[in-house]
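According to the working numbering, the sequence shown holds residues 551 to 981 in order. Built from N, CA and C at the ideal position, the CB exists for glycine as well. Model, not experiment: these values are computed from the prediction. One structure is given here, and the rest of the page talks about it.
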Amino acid sequence: MSSNTQSASPDFEKALAVGRPPNIVRLFPHSRALIVSGKVIDRALMAKGKAMTIAANGRNHFVIRGALRAAAKANAAIILEIAKSEGGGAAYCAVNFWNLARQVDAICNELGITVPVAVHADHYGIKGEKDVEAAKVEIPSMFDAGITSIAIDASHLPDDQNLLASINLSPLVPPWAGYETEVGEIKGKEGLSTVDEALFLVRGLNAHGIFPDWIALNNGTTHGIEASDSGIQVPLTAQIHEALVPYKVSGAQHGTSGNSSERLRRIARETRTTKANVATALQMITWGVKVNEFGNAMLDENGDFVKVSGEGVSDGLWEEMVAYARAQGLKAGDYKKLNLPFENRLHGQPAEVRERMVEGVEAFVYDLLVNVFNARDTAPLAVEAILKAGSYDLGPKAGRIEDPAEWTEEKIREKAASLDVDKGPGGDFDD
Numbered sequence: 551m552s553s554n555t556q557s558a559s560p561d562f563e564k565a566l567a568v569g570r571p572p573n574i575v576r577l578f579p580h581s582r583a584l585i586v587s588g589k590v591i592d593r594a595l596m597a598k599g600k601a602m603t604i605a606a607n608g609r610n611h612f613v614i615r616g617a618l619r620a621a622a623k624a625n626a627a628i629i630l631e632i633a634k635s636e637g638g639g640a641a642y643c644a645v646n647f648w649n650l651a652r653q654v655d656a657i658c659n660e661l662g663i664t665v666p667v668a669v670h671a672d673h674y675g676i677k678g679e680k681d682v683e684a685a686k687v688e689i690p691s692m693f694d695a696g697i698t699s700i701a702i703d704a705s706h707l708p709d710d711q712n713l714l715a716s717i718n719l720s721p722l723v724p725p726w727a728g729y730e731t732e733v734g735e736i737k738g739k740e741g742l743s744t745v746d747e748a749l750f751l752v753r754g755l756n757a758h759g760i761f762p763d764w765i766a767l768n769n770g771t772t773h774g775i776e777a778s779d780s781g782i783q784v785p786l787t788a789q790i791h792e793a794l795v796p797y798k799v800s801g802a803q804h805g806t807s808g809n810s811s812e813r814l815r816r817i818a819r820e821t822r823t824t825k826a827n828v829a830t831a832l833q834m835i836t837w838g839v840k841v842n843e844f845g846n847a848m849l850d851e852n853g854d855f856v857k858v859s860g861e862g863v864s865d866g867l868w869e870e871m872v873a874y875a876r877a878q879g880l881k882a883g884d885y886k887k888l889n890l891p892f893e894n895r896l897h898g899q900p901a902e903v904r905e906r907m908v909e910g911v912e913a914f915v916y917d918l919l920v921n922v923f924n925a926r927d928t929a930p931l932a933v934e935a936i937l938k939a940g941s942y943d944l945g946p947k948a949g950r951i952e953d954p955a956e957w958t959e960e961k962i963r964e965k966a967a968s969l970d971v972d973k974g975p976g977g978d979f980d981d
């Protein structure tokens, strides 16, 4: 693998010695896996320019394995992540906040993979005060388990509550860790984010000494299967990113599956996005479901997924999965709920079946990294960022610009009341 030559380099050895955060060193004291802060990955893609890397949602072990193999082959810095709905306290996946880092570390050591990897807790959703109180216990436990980056997502709430919840929870995030914020719940063409909304959130955070590495927007995508042909709104994304330049916040693109390669290339070229989340497509590939060139799962005339014989899981296991889904009343968009009950069955497949599951993900992710995202050879740039800092802690990209006196709770509520925003329809848009 391309990573093996790097593993012998003096730069890699130095990065391994100083670049792993304290929680990773404590968990894996003898490891040769370079698990790093999300900040390191962001800086590497910024250094490359007009580039973003995949944040692969590891809904099963085979996705994690395939994505890491692809990153090694592309010599690319990468993010492995799991969202709260996927791997939190009420998860539908066996991979979760508390075992993802252990799986990443084990696979990297097993395969000799040395490209820098961040372990990200995505969409840590806050929908009310009850979630805020639970987060005060749960978030520290996640960092104890090896998370190195987090998205605190209170976008379900009104703008003032989103900002106030984010301020309230920020002390739980170690200063060295990657930090993502979100404005505008991901719900497709409805409730699109605005410049004013994004500035309100980022300015308020800045006034309180909180400097996000990424911001996620509702810029036209949906989670899961892309049901419309609108997809990512590139000009809107670029406009918002440009307005945030003084605050040095990169973009995090959600809902990537189902968007055309050209649209994703434009996001890399024309916006300040460095992180692109991919979940549904990778899950489907491990199962052997036919996906088009955009990563959208294909349905037949009856609205059922098209299984490709000889790819992914065995045809027999797929038939069991479909039967289970029907018995549970699961529609196409809810097949994600098969992950938890069938994870061990996936591991129980013959070796050649397990390997083709991994190979499918590896090929798909490699193509994205090299031919769409422009992420090839970003691993050395991540190592360089660590060595330049001489530490696992790269520090913030921005400094305080805003006056804290203008962003008290009272003034936050006043400012939010004057925003002209459309949050779109209500409902459950988690993935």
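Return the chain-ordered list of same chain residues with a C-beta closer than 7 angstroms to the C-beta of L880, the five sequence neighbours on each side being excluded. For the purposes of this step, residue 880 is taken as the residue at position 330 of the sequence shown. K887, listed in sequence order.
Considering just the uninterrupted stretch of the alpha helix (DSSP H) at V687, what are its terminal residues? Taking the first residue of the sequence shown as position 1, residue 687 is located at position 137. First-last of the alpha helix (DSSP H) with V687: 679-694.
For W764, list the residues DSSP reports as bridge partners. Locating residue 764 in the sequence shown gives position 214, counting from the first residue. For W764, which the question treats as bridged, DSSP gives the partners E730, S800.
Q833, buried or exposed, once every other Cβ within 10 Å from all chains shown has been counted against 16: Taking the sequence shown and counting its residues from 1, the one referred to as residue 833 is at position 283. Of the other Cβ atoms in all chains shown, 16 or more fall within 10 Å of the Cβ of Q833; this residue is therefore buried.
Just curious, the beta strand (DSSP E) that H670 is in, first and last residue? Residue mapping note: residue 670 aligns to position 120 of the sequence shown, counting from 1. 667-675 is the span of the beta strand (DSSP E), which, as asked, contains H670.
Should H804 go down as buried or exposed, given a rule of 16 or more other Cβ atoms within 10 Å for buried? Here residue 804 refers to the residue found at position 254 when the sequence shown is read from its first residue. Buried is the call here.
Helix, strand or coil: how does DSSP classify D865 here? Translated into the one-based positions of the sequence shown, residue 865 becomes position 315. In the structure shown, D865 sits in a helix (DSSP, three-state: H, G or I).
Go ahead and pull the three-state DSSP assignment for K600. Taking the first residue of the sequence shown as 1, we reach residue 600 at position 50. Of the three classes helix, strand and coil, the one that applies to K600 here is coil, per DSSP.
Would you report the Cα separation of A601 and A925, rounded to the nearest angstrom? On the sequence shown, position 51 is the one that residue 601 refers to. On the sequence shown, position 375 is the one that residue 925 refers to. If I take the Cα positions, the gap works out to 6 angstroms.
Local conformation of L849 per DSSP, three classes: On the sequence shown, residue 849 is found 299 positions in, with the first residue counted as 1. Correct three-state label for L849: strand.
Short check: CB of I585 to CB of T603, under 8 angstroms? Counting from 1 along the sequence shown, the entry for residue 585 is found at position 35. Counting from 1 along the sequence shown, the entry for residue 603 is found at position 53. Result no, Cβ atoms of I585 and T603 do not sit closer than 8 angstroms.
Note down the Cα distance separating I765 from R619, rounded to an integer number of angstroms. For the purposes of this step, residue 765 is identified with residue 215 of the sequence shown, where counting begins at 1. For the purposes of this step, residue 619 is identified with residue 69 of the sequence shown, where counting begins at 1. In a straight line, the C-alpha of I765 is about 28 angstroms away from that of R619.
4 or more residues per run - each alpha helix (DSSP H) lying fully within the segment 574-650: 588-598, 611-624, 634-637
Identify the continuous alpha helix (DSSP H) that holds V908 and give its terminal residues. To locate residue 908, count along the sequence shown from 1; it is residue 358. Counting along the chain, the alpha helix (DSSP H) containing V908 begins and ends at 901-917.
Inter-residue CB distance, A597 and A935 (contact presumed, cutoff 8 angstroms): Position 47 of the sequence shown holds residue 597. Position 385 of the sequence shown holds residue 935. At roughly 7 angstroms, the Cβ-Cβ gap stays under 8 angstroms, so A597 and A935 are in contact.
Proximity below 8 angstroms, CB of G836 to CB of G910: Position 286 of the sequence shown, counted from the start, is the residue given in the question as residue 836. Position 360 of the sequence shown, counted from the start, is the residue given in the question as residue 910. Looking at the sequence provided, one finds Thr at residue 836 rather than Gly. Yes, the pair counts as a contact, with Cβ atoms nearer than the cut-off.
Measuring CA to CA, which of L937, G637, S811, L919 is closest to E893? Position 343 of the sequence shown, counted from the first residue, corresponds to residue 893. For E893, the nearest C-alpha among the options comes from G637.
When we look at the beta-carbon of G662 and count the other beta-carbons within 10 Å, is it buried (16 or more) or exposed? In the sequence shown, the residue the question calls residue 662 occupies position 112. Exposed: under 16 other Cβ atoms inside 10 Å.
Going by the CB atoms, is the gap between L742 and N712 shorter than 8 angstroms? Counting from 1 along the sequence shown, the entry for residue 712 is found at position 162. Counting from 1 along the sequence shown, the entry for residue 742 is found at position 192. Not in contact: N712 and L742 (Cβ atoms no closer than 8 angstroms).
Cβ shell of D978 (< 6 angstroms), same chain only, five flanking positions each side left out: Your numbering for residue 978 matches position 428 in the sequence shown. Bear in mind that the predicted position of D978 carries a pLDDT of just 49, short of 50, making it unreliable; the figure below should be weighed with that in mind. Here the set comprises nothing.
Exposed or buried, what is D673 when buried is set at 16 or more other beta-carbons lying within 10 Å of its beta-carbon? Along the sequence shown, read from residue 1 onward, the residue named residue 673 stands at position 123. The amino acid occupying residue 673 in the given sequence is His; Asp does not appear at that position. Buried, by the Cβ-count rule.
Which residue marks the beginning of the alpha helix (DSSP H) containing V920, and which one marks its end? Residue 920 sits at position 370 when you count from the first residue of the sequence shown. Counted as a single uninterrupted DSSP element, the stretch harbouring V920 is not any alpha helix (DSSP H), since DSSP gives it neither H nor E.
Residues bridged to N827 [DSSP beta-bridge criterion]: As a first step, residue 827 is located in the sequence shown; it is residue number 277 there, counting from the start. In DSSP, N827 forms a bridge with A605.
Residues in its own chain within less than 7 angstroms of K564 by CB, not counting five upstream and five downstream? Counting from one through the sequence shown, the residue named residue 564 turns up at place 14. So the list reads L937, once near-sequence residues are dropped.
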